[in-house]
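**Q**
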Amino acid sequence: FGATARMPAGPALLAQQTGAMLLPVTLSYDSTPVMKGIIHPAVELPEEGTRAEKTAAMTQQLADAFALGIAEHPEDWHMLQRLWLDDLDPRGEPT
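Sequential numbering of the sequence shown, starting at 15, is according to the working numbering.
#1: Just to confirm, are residue 40 and residue 80 a CB contact at a threshold of 8 Å?
#2: Can you give me the C-alpha to C-alpha distance between residue 89 and residue 57, rounded to a whole angstrom?
#3: From the DSSP output, which residues share a beta bridge with residue 84?
#4: Going straight from the alpha carbon of residue 83 to that of residue 45, what length do you get?
#5: Which partner residues of residue 40 appear in the DSSP bridge assignment?
#6: Would you call residue 64 buried or exposed, if buried means 16 or more other Cβ atoms sit within 10 Å of its Cβ?
#7: With which residues is residue 34 paired in a DSSP beta bridge?
#8: Measure the C-alpha to C-alpha separation of residue 50 and residue 35 and round it to an integer number of angstroms.
Following this line, the structure appears as structure tokens:
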């Protein structure tokens with residue numbers, strides 16, 4: 015979306031440590047009163063790289079899947095904390 019965002023590394027780390035699939039899921043509403051969920055393709059574990067590099071690559075894949083869901087249904091996306099790095103105070107305090 016044109017800006018750098020932060021995302022937690024936990025899901026990628028857990029997938030690496032446990033061997034579990036990491037499946038991105040996005041939620042949205044349609045004309046019915048029931049929320050619709052989309053399960054995106056599994057995030058791939060890179061074959062090469064350090065643990066940090068693999069974690070970064072997997073987290074980016076997860077972010078890309080979320081971006082697709084957000085772009086399709088921006089009206090259904092809500093964040094309760096600052097996500098974009100440009101919105102953060104340089105001292106690390108929320109603005």
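Every residue, glycine too, gets a C-beta built ideally from N, C-alpha and C.
**A** According to the data block:
#1: yes
#2: 25 Å
#3: Note: residue 84 sits in no beta bridge, so no partner.
#4: For residue 83 and residue 45, the distance between alpha carbons rounds to 17 Å.
#5: 52
#6: Per the 10 Å Cβ criterion, exposed.
#7: In the DSSP output, where bridge partners are listed per residue, residue 34 has none listed.
#8: 21 Å
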